[in-house]
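Numbering (our numbering), first residue to last: 1 to 478.
Here's the structure we're looking at; comments come further down.
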């Protein structure tokens with residue numbers, strides 16, 4: 001199932017939560033203050049960005065979605081700045097302005113791309129309840145595809161139940177980025193998205209996948225929440241749903257520059273994709289890609305559709321896709337959890353030629369993933385005779401893994417891959433040539449499992465043996 005971008009421009013999401021203005025002072029640092037042992041920053045650039053729930057809405061807008069934003073601010077300059085930034089990006093702001101209160105502001109002083117200090121200006125909004133936001137929220141529910149509650153524990157979502165119940169009554173799914181140690185506050189929400197530290201703060205340490213799953217499912221049961229997506233930093237993210245197997249997405253390797261606001265990007269992408277009609281699994285994959293992009297940026301930041309699209313179609317790293325049997329079992333588990341159709345073929349692939357390329361492209365078209373099993377050097381020698389293979393196993397696997405049609409390459413040492421095929425049990429087993437399907441190794445195991453066996457034609461006049469003979473003939477003529 002190839003990942004594709006849903007129509008984000010058809011998604012409308014209502015974001016409710018804690019609003020704040022993030023200010024950044026950038027400058028050079030060349031000396032230490034004579035007044036105290038601290039660096040002196042010569043401020044040359046001042047930048048302002050929406051933070052908290054505002055950053056969630058901004059991320060939705062950056063993806064082309066339509067975002068309505070509800071939250072509490074003061075009646076001050078910071079509130080006006082915040083509204084101007086958001087409305088300039090296409091976010092519809094519905095602020096509840098509280099006289100006598102200050103809009104939450106965070107000031108970061110940065111030099112040489114390093115944050116030196118953060119100054120927080122906030123008194124909270126004493127007496128504010130989530131129910132106070134219902135006059136702004138209820139008229140917007142009829143036209144939105146999802147509601148995001150962005151809780152930064154600043155007061156706007158002290159008691160989120162009135163908002164959750166209003167959304168449920170309107171038939172709108174609710175996604176929550178939670179805070180604190182009591183997730184039962186979000187009972188009735190459709191999904192919560194804690195990071196690993198937040199989940200461990202509620203359920204205790206989760207040092208491995210088994211303890212993580214126990215903790216997640218315990219929280220879901222105790223708190224009445226049917227789905228939980230835990231973000232795990234460099235380990236990626238894992239989705240748990242009632243009555244379904246966990247689905248894991250590994251993080252794409254990259255340099256992490258700043259994790260500020262990454263959770264905002266995750267829930268914004270997830271909600272936007274779901275509101276645009278994507279499945280949970282596809283929405284999760286998109287959120288995972290978006291998170292990987294945003295941690296490479298400084299401060300609260302957004303991700304564009306173009307950036308996500310580049311990640312989807314980014315070239316694979318050298319060696320990616322070359323697997324051992326142990327590694328293969330894990331990627332197959334993930335593929336099947338995502339509903340992907342696995343195609344498998346096998347061969348020596350000693351000298352890759354145009355016939356191989358055309359054949360593998362045909363095989364890949366039969367499903368979502370193509371697995372190629374490759375004879376190791378000893379088994380090629382037994383099958384083809386001395387002098388073969390021309391190219392050793394690692395080189396043959398590397399060339400195959402570099403093809404766009406091929407997802408995974410795995411070696412086998414037996415004369416036939418029957419045992420490996422029985423382990424994999426692909427949805428489609430493919431072989432090239434003039435074989436009868438029932439004579440193909442692994443046929444019985446695949447068919448008994450509900451799969452199919454297909455025979456594809458090789459390109460005429462293309463074979464490794466023919467290539468080898470032409471090379472020999474050419475050498476003899478010299």
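Think of the CB as a built atom: it goes at the ideal place given N, C-alpha and C, for glycine as much as any other residue.
Remember, predicted model here, so these are calculated numbers, not experimental data.
Reference residue i; option with closest CA among the options
{"i": "residue 228", "options": "52, 176 and 327", "result": "176"}
{"i": "residue 11", "options": "61, 19 and 65", "result": "65"}
{"i": "residue 421", "options": "407, 449 and 113", "result": "449"}
{"i": "residue 158", "options": "406, 222, 126 and 385", "result": "126"}
{"i": "residue 113", "options": "86, 45, 235 and 78", "result": "45"}
{"i": "residue 183", "options": "215, 117 and 9", "result": "215"}
{"i": "residue 447", "options": "427, 134 and 52", "result": "427"}
{"i": "residue 262", "options": "249, 385 and 291", "result": "291"}
{"i": "residue 101", "options": "155, 240, 169 and 404", "result": "155"}
{"i": "residue 49", "options": "379, 38 and 23", "result": "23"}
{"i": "residue 440", "options": "53, 345, 225 and 414", "result": "345"}
{"i": "residue 3", "options": "347, 412, 444 and 335", "result": "335"}
{"i": "residue 171", "options": "143, 8 and 161", "result": "143"}
Residue interval of the beta strand (DSSP E) (run including residue i)
{"i": "residue 31", "result": "19 to 32"}
{"i": "residue 452", "result": "452 to 456"}
{"i": "residue 485", "result": "An answer regarding residue 485 cannot be provided, because it is not within the stretch 1 to 478 covered by the chain."}
{"i": "residue 480", "result": "Within the shown structure, residues of the chain are numbered from 1 to 478, placing residue 480 beyond reach of any answer."}
{"i": "residue 346", "result": "342 to 347"}
{"i": "residue 220", "result": "Careful: residue 220 lies outside any beta strand (DSSP E), inside the alpha helix (DSSP H) at 209 to 223."}
{"i": "residue 249", "result": "247 to 249"}
{"i": "residue 279", "result": "Unbroken run through residue 279: none, as it is neither H nor E."}
Beta-carbon proximity list for residue i, same chain, < 6 angstroms, skipping 5 on both sides
{"i": "residue 232", "result": "196"}
{"i": "residue 68", "result": "14, 92 and 140"}
{"i": "residue 277", "result": "6"}
{"i": "residue 322", "result": "397, 401 and 409"}
{"i": "residue 283", "result": "270, 273 and 274"}
{"i": "residue 387", "result": "none"}
{"i": "residue 164", "result": "174, 188 and 189"}
{"i": "residue 119", "result": "107"}
Distance, residue j Cα to residue i Cα
{"i": "residue 73", "j": "residue 129", "result": "13 angstroms"}
{"i": "residue 96", "j": "residue 207", "result": "42 angstroms"}
{"i": "residue 123", "j": "residue 21", "result": "14 angstroms"}
{"i": "residue 297", "j": "residue 105", "result": "21 angstroms"}
{"i": "residue 402", "j": "residue 381", "result": "24 angstroms"}
{"i": "residue 351", "j": "residue 390", "result": "7 angstroms"}
{"i": "residue 281", "j": "residue 76", "result": "42 angstroms"}
{"i": "residue 86", "j": "residue 451", "result": "52 angstroms"}
{"i": "residue 222", "j": "residue 243", "result": "15 angstroms"}
{"i": "residue 116", "j": "residue 31", "result": "14 angstroms"}
{"i": "residue 333", "j": "residue 361", "result": "23 angstroms"}
{"i": "residue 329", "j": "residue 399", "result": "22 angstroms"}
{"i": "residue 107", "j": "residue 249", "result": "34 angstroms"}
{"i": "residue 318", "j": "residue 289", "result": "With a pLDDT of 49 at residue 318, under the threshold of 50, the modelled position of that residue is not reliable, and the figure given next carries that caveat. Rounded to the nearest angstrom, the two C-alpha atoms are 19 angstroms apart."}
{"i": "residue 98", "j": "residue 406", "result": "58 angstroms"}
{"i": "residue 331", "j": "residue 435", "result": "29 angstroms"}
{"i": "residue 394", "j": "residue 240", "result": "37 angstroms"}
{"i": "residue 266", "j": "residue 200", "result": "19 angstroms"}
{"i": "residue 83", "j": "residue 294", "result": "23 angstroms"}
{"i": "residue 8", "j": "residue 404", "result": "27 angstroms"}
{"i": "residue 225", "j": "residue 279", "result": "18 angstroms"}
{"i": "residue 51", "j": "residue 230", "result": "21 angstroms"}
Assumed close pair residue i, residue j - CB separation to whole angstroms, cut-off 8 angstroms
{"i": "residue 370", "j": "residue 410", "result": "Actually they do not touch by this definition, with Cβ atoms about 12 angstroms apart."}
{"i": "residue 16", "j": "residue 90", "result": "The pair is not a contact, with the Cβ atoms about 18 angstroms apart (cut-off 8 angstroms)."}
{"i": "residue 42", "j": "residue 110", "result": "About 12 angstroms separates the two Cβ atoms, so there is no contact after all."}
{"i": "residue 56", "j": "residue 264", "result": "5 angstroms"}
{"i": "residue 354", "j": "residue 430", "result": "In fact, because the Cβ distance is near 18 angstroms, the residues do not count as touching under 8 angstroms."}
{"i": "residue 251", "j": "residue 236", "result": "4 angstroms"}
{"i": "residue 302", "j": "residue 62", "result": "4 angstroms"}
{"i": "residue 212", "j": "residue 166", "result": "In fact, because the Cβ distance is near 32 angstroms, the residues do not count as touching under 8 angstroms."}
{"i": "residue 383", "j": "residue 454", "result": "Their Cβ separation, rounded to whole angstroms, is 22 angstroms, which puts residue 383 and residue 454 out of contact at 8 angstroms."}
{"i": "residue 445", "j": "residue 417", "result": "With 8 angstroms as the limit, residue 445 and residue 417 do not qualify as a contact, their Cβ atoms being about 11 angstroms apart."}
Cβ neighbours of residue i in the same chain (closer than 7 angstroms, five flanking residues each side left out)
{"i": "residue 178", "result": "151, 186, 192, 194 and 198"}
{"i": "residue 203", "result": "215, 218 and 219"}
{"i": "residue 132", "result": "96"}
{"i": "residue 456", "result": "359, 362, 363, 430 and 432"}
{"i": "residue 392", "result": "377"}
Close Cβ partners of residue i (< 8 angstroms) along its chain, the five nearest in sequence each way excluded
{"i": "residue 5", "result": "286, 305, 308, 309 and 312"}
{"i": "residue 153", "result": "18, 179 and 180"}
{"i": "residue 482", "result": "The structure shown does not extend to residue 482, since the chain is modelled only from 1 to 478, so the question has no answer here."}
{"i": "residue 28", "result": "41, 42, 44, 111 and 112"}
Residue i - containing alpha helix (DSSP H), residue span
{"i": "residue 163", "result": "161 to 169"}
{"i": "residue 384", "result": "377 to 384"}
{"i": "residue 395", "result": "393 to 401"}
{"i": "residue 47", "result": "Here residue 47 belongs to no alpha helix (DSSP H); instead the beta strand (DSSP E) covers 39 to 52."}
{"i": "residue 312", "result": "305 to 312"}
{"i": "residue 421", "result": "418 to 424"}
Cβ of residue i within 8 angstroms of any chain C Cβ
{"i": "residue 152", "result": "Reference to chain C is not applicable here, since this structure consists of a single protein chain."}
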